[in-house]
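Here's the structure we're looking at; comments come further down.
In my numbering, the protein residues as written are 17 to 1171.
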């Protein structure tokens, strides 16, 4: 164990230690008297001394020393010996056995040995090693405490440090923390890694330098284990701009799994809306803990391994042994218990698996505990089979929980007893739960009962309940040799059923896998598909469900039904079953019923091909439940809007090609082209690109082994064509090679006539092409590529799901930018950063604001431009960070008005395009465009009666309209604006006719707010005084224009008399204030009567013309603005601004008493 570094002083009188290993920095030593065969006197004395000492005083027999070249000090790291010439050392770790000390030594060699060479200072080496060991000790301690209590003190201390160092809101929950090093070039920085529900954070304070890293999980493009020249094993985090390497973990496997789970959960929650709706756990991120993540990973593995419904929740996993009568012994493995199932998996992969639906279980009993059968229980099922489990820990609680769930299962799905005979040798209780099984295992040949058929027809509400296989064998008779092979297969399966069971509860072993690989007999195929997929349980649990769906869905017209109608006649058109209305009608009912059941999936292309094949071997209702099993359990996320599941598996397939077929991967630089060819293999299970009689054998393997069968068969196809593919010149030639090969795969055992693929490109070749037998191809796939376990595939899926989801995010981004770039003048690289800021603003609201309203969630089904939208509060943050129009405390009010102006459809949400278009005017617009934008921000709908600033004293008429039209200059000169005013009014009257769409005129209250915004914008500008004087002058002009307009509207024209009155009433030029002192009331209380406020108006043209008279104002609005500095500042402060808002909620009302 690692020890806290402690300085120890020893005498060198005795040689107590012997060196066993050494390197340039470390020495492993053994204490004399331990591990020696015989010995010298010194060794015997030391051994005897250690033996007589009590346990607390004994010295551990092994240690490791840190050896800094040229230093007089040696540091023991795992308990060791004093070296010659050294008087002081630090005890850092101990080892009771050679195995334990070697583990420490191996860790040091892998994680530290190469790292120390980068340090120039010897003291830095000693400090780094001691700091690293202290961190490992702290992590070990916290891990032990975490096992003992739910909220260990160490975790609380880490939480306090996490909150203090990164200043996140309370909603950012810490999940785990680890000691590690973060590499910056060739230099490692020792510190602490914090994993929270939304972020990966790293903190280091080393050699006087502080380092903080914050990486959102949604920004991670790739998460992988790798190695570099210094370390053999590191974790590499790849984001858009950087790669970060983390190493020197006490348990790297645990850390990497935790990272993968957190990244996967967060990306699903925030980027995959379809999965979010299906998984309740994703909707409560604040409840995520380290233990929950481990349980979630185990739960997902359990569902994937046994291919169970997504709603199944794992309750317990216990080690046990199951009596296997075919091997006449107990097989060691694990029992999995969930809501509706008891499952067993042997430790040896593929040796024996069992799936027991609780609705098939009759009783669960505890048997007498004996030495031969410790802690046994017996699980009896309705087909008169019993399963004996032994060596169960905590048997009492396990059985109690099972009995509760068994009672619930029977209450939810009561068993109906019926004495009617079955239509085949497989008892009806297995498939329909209508009777107890009373017969023994018998022959499985199709033996029909006329009475049974009539009764079945009476029960069925459907016009064609039977399979469509009658059409398959019409026409020419099959050869006798094929029929005899079919009978041999049936005989082999019957023998297997006798020994291993014939129901869904059968023992699933390597033997049955071999039988499946040979091809299931035609007469048993549909029934075994039901058993292997466990669709039989769904069928028995939902009597009448399908018939009701058919009644509800038929006759409805919508986009989905139109798509189904288009594809009906493209589904196996070469097969007789779908060349008449009977088969087409059955296919229509199944597809329409499923679309009605699952509107989130609805209908996707390739579902028609799969369903048509299911109808050939199963009754209509059975085909429906087989389709449910495939779409919702066996191929999760395949058949939805973005086919994420299929894309993930294509990415996994690429990695498997690199691993198993490296030469082919090297030749084809871009494997994505090959993956695009193989996509149809996965979506249609080879049914669309292989002759049907061969493809159904692939479906056999799929229903037994799941997606693993498709992966390994795909690899076998590529390997068989590897030589030709490596010599191909382009993707088109590679497609032709594969298509020709797949079209010439035959099934020599098929009893029916050959039915080719309707995608056969090369059926008319002049030269005969060699034929491949499907049985040989499947056998090769199992022998060469069958070593992939479910756990490995699920791990690869988790890894590549990150890449696929981020690929979709990048596609969304590129499409949005492609639309926006031509319409704005902002540089593309700046738009790229603006998009990231916009998206991050959306994400931060998802992180810490719960619950999120539905419209605010990321919805990938929407058009690209509408996938990310922000609300008013998020927009205010971005406006404050990136807008050039910062107005101090007035900025937030201006942001609110801007949001109201841009929210055209009044849904309280803004898209990226509107946000950027507004910024583009602020940064790159002409002066008239900027003034027009400011003008629109101060009239409805941007400015409302309930505006936050409407309670300002400026709402009252405080402007003096008796301002002079002659203003004094500092040098004593005067400028007469009367003539300019007259000419301006005439010019504006002419321009008014040319305007296509005139903006509403601005009232007195709106003009006051406009002036206030201008004054706020000039604050802290280098030309502040000159701008204030210029705006005072312009305001005077506009006040006179408004007064003139008011009078002219009352008299009908603006006469010379009006101008003379204006000049006569003007005060002296010394008055140079736009606003009257607020402490004094106006001289004339009737100057601005409240009722007449609406009569005083100015237009955009008035304001623009007035502003153009002052060069300083023109310069202010036309000076070039650089957005890059704002973007850099925004990236640094976006998080801190959000955290500040979360810690200090905004006040409901903000009053501004002055400009």
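Beta carbons are placed, not taken as given, at the ideal position from N, Cα and C, and that holds for glycine.
Since this is a predicted model, take the numbers as computed values, not measurements.
query: From what residue to what residue does the beta strand (DSSP E) around residue 212 run?
result: Segment 203-212, the beta strand (DSSP E) holding residue 212.
message: So, does the region 654-662 touch the region 559-578, judging by three or more C-beta pairs under 8 Å?
response: Because the criterion of three Cβ pairs below 8 Å is not met, the region 654-662 and the region 559-578 do not touch.
query: Does DSSP classify residue 163 as helix, strand or coil?
result: The predicted model places residue 163 with a pLDDT of 44, which falls under 50 and marks its position as unreliable, so this point remains unresolved.
The alpha helix (DSSP H) enclosing residue 534, as first and last residue numbers: That run of the alpha helix (DSSP H) goes 526-534.
task: Report, in whole angstroms, the separation of the C-beta atoms of residue 237 and residue 255, which I expect to be a contact under 8 Å.
output: With a contact defined as Cβ atoms closer than 8 Å, residue 237 and residue 255 qualify at about 6 Å.
message: Do residue 762 and residue 789 have their beta-carbon atoms positioned less than 8 Å apart in this structure?
response: Yes.
As assigned by DSSP and simplified to three states, the class of residue 83: Residue 83: strand per DSSP, three-state reduction.
task: Taking only the alpha-carbon atoms, compute the straight-line gap between residue 343 and residue 728 and give it to the nearest angstrom.
output: For residue 343 and residue 728, the distance between alpha carbons rounds to 29 Å.
query: Around the Cβ of residue 504, are there at least 16 other Cβ atoms within 10 angstroms (buried) or fewer (exposed)?
result: Label assigned to residue 504: exposed.
task: Could you tell me whether the Cβ atoms of residue 738 and residue 679 are closer together than 8 Å?
output: A Cβ-Cβ contact shorter than 8 Å links residue 738 with residue 679.
- request: With distances taken Cα to Cα, identify the nearest neighbour of residue 1111 among 940, 612, 506, 1019.
  value: Ranked by Cα distance from residue 1111, the first of 940, 612, 506, 1019 is 1019.
Where the alpha helix (DSSP H) containing residue 427 begins and where it ends: Its alpha helix (DSSP H) spans residues 411-428.
- prompt: What do you reckon, are the CB atoms on residue 403 and residue 370 nearer than 8 Å?
  reply: Remark: C-beta atoms of residue 403 and residue 370 approach each other more closely than 8 Å.
- prompt: Helix, strand or coil for residue 32 per DSSP?
  reply: Residue 32: coil per DSSP, three-state reduction.
message: Give me the residue from 188, 77, 82 with the minimum Cα distance to residue 40.
response: The option with the nearest alpha carbon to residue 40 is 82.
message: I'd like to know if the region 641-652 and the region 279-286 are in contact, where contact means that at least 3 CB-CB pairs between them fall below 8 Å.
response: Verdict: no, contact absent.
- prompt: Which of helix, strand or coil does DSSP assign to residue 351?
  reply: DSSP places residue 351 in strand when its eight states are reduced to three.
- prompt: For residue 192, which three-state DSSP category applies?
  reply: In this structure, residue 192 counts as strand in the three-state DSSP scheme.
field: In chain order, each alpha helix (DSSP H) run of at least 4 residues that lies wholly inside the region 679-708
entry: Runs found: 687-700.
message: Taking 8 Å as the threshold (C-beta atoms), are residue 525 and residue 622 in contact?
response: Contact flag unset, no.
- prompt: Roughly how many whole angstroms lie between the Cα atoms of residue 172 and residue 204?
  reply: Going from the Cα of residue 172 to the Cα of residue 204 covers about 27 Å.
message: Helix, strand or coil, according to DSSP, for residue 197 in the structure here?
response: In this structure, residue 197 counts as strand in the three-state DSSP scheme.
- prompt: Which one of 808, 757, 801, 765 has the shortest CA to CA distance from residue 784?
  reply: With distances taken between CA atoms, residue 784 lies nearest to 757 out of 808, 757, 801, 765.
- prompt: With burial defined as no fewer than 16 other Cβ atoms inside 10 Å of the residue's Cβ, what is the status of residue 345: buried or exposed?
  reply: Residue 345 comes out exposed.
field: Best match in 842, 1048, 927 for proximity to residue 1136 [C-alpha to C-alpha]
entry: For the options 842, 1048, 927, the alpha carbon positioned closest to that of residue 1136 is the one of 842.
- prompt: Based on the DSSP secondary-structure assignment, which residues constitute the bridge partners of residue 373?
  reply: 357.
message: Just verifying my parser: in three-state terms, what is the DSSP assignment at residue 655?
response: Secondary structure of residue 655 (DSSP, three-state): coil.
- request: To the nearest angstrom, report how far apart residue 808 and residue 711 are at their CA atoms.
  value: Distance from the CA of residue 808 to the CA of residue 711, rounded to the nearest whole angstrom, comes to 26 Å.
task: In the DSSP assignment, find the unbroken beta strand (DSSP E) run with residue 253 in it and report its ends.
output: For residue 253, the uninterrupted beta strand (DSSP E) run begins and ends at 250-254, by DSSP.
- request: Give the straight-line distance between the Cα atoms of residue 409 and residue 352, rounded to the nearest whole angstrom.
  value: If I take the Cα positions, the gap works out to 13 Å.
- request: Verify whether the separation of the beta carbon atoms of residue 264 and residue 127 is less than 8 Å.
  value: Yes; because the gap between Cβ atoms is below 8 Å, this pair is in contact.
- prompt: When the Cα atoms are used, what is the spatial distance from residue 428 to residue 852?
  reply: In a straight line, the C-alpha of residue 428 is about 50 Å away from that of residue 852.
- request: Have a look at the DSSP bridge pairing and note the partners of residue 885.
  value: BP columns for residue 885 point to 927.
task: Within the same chain, show all residues whose beta-carbon is closer than 8 Å to that of residue 777, passing over the 5 residues directly before and after it, in chain order.
output: The predicted model places residue 777 with a pLDDT of 43, which falls under 50 and marks its position as unreliable, so this point remains unresolved.
- prompt: From which residue to which residue does the beta strand (DSSP E) around residue 219 run?
  reply: Per DSSP, the continuous beta strand (DSSP E) segment holding residue 219 begins and ends at 215-222.
- request: Name the residue from 521, 520, 483, 544 whose alpha carbon lies nearest to the alpha carbon of residue 506.
  value: Of the listed residues, the one whose Cα sits closest to residue 506 is 544.
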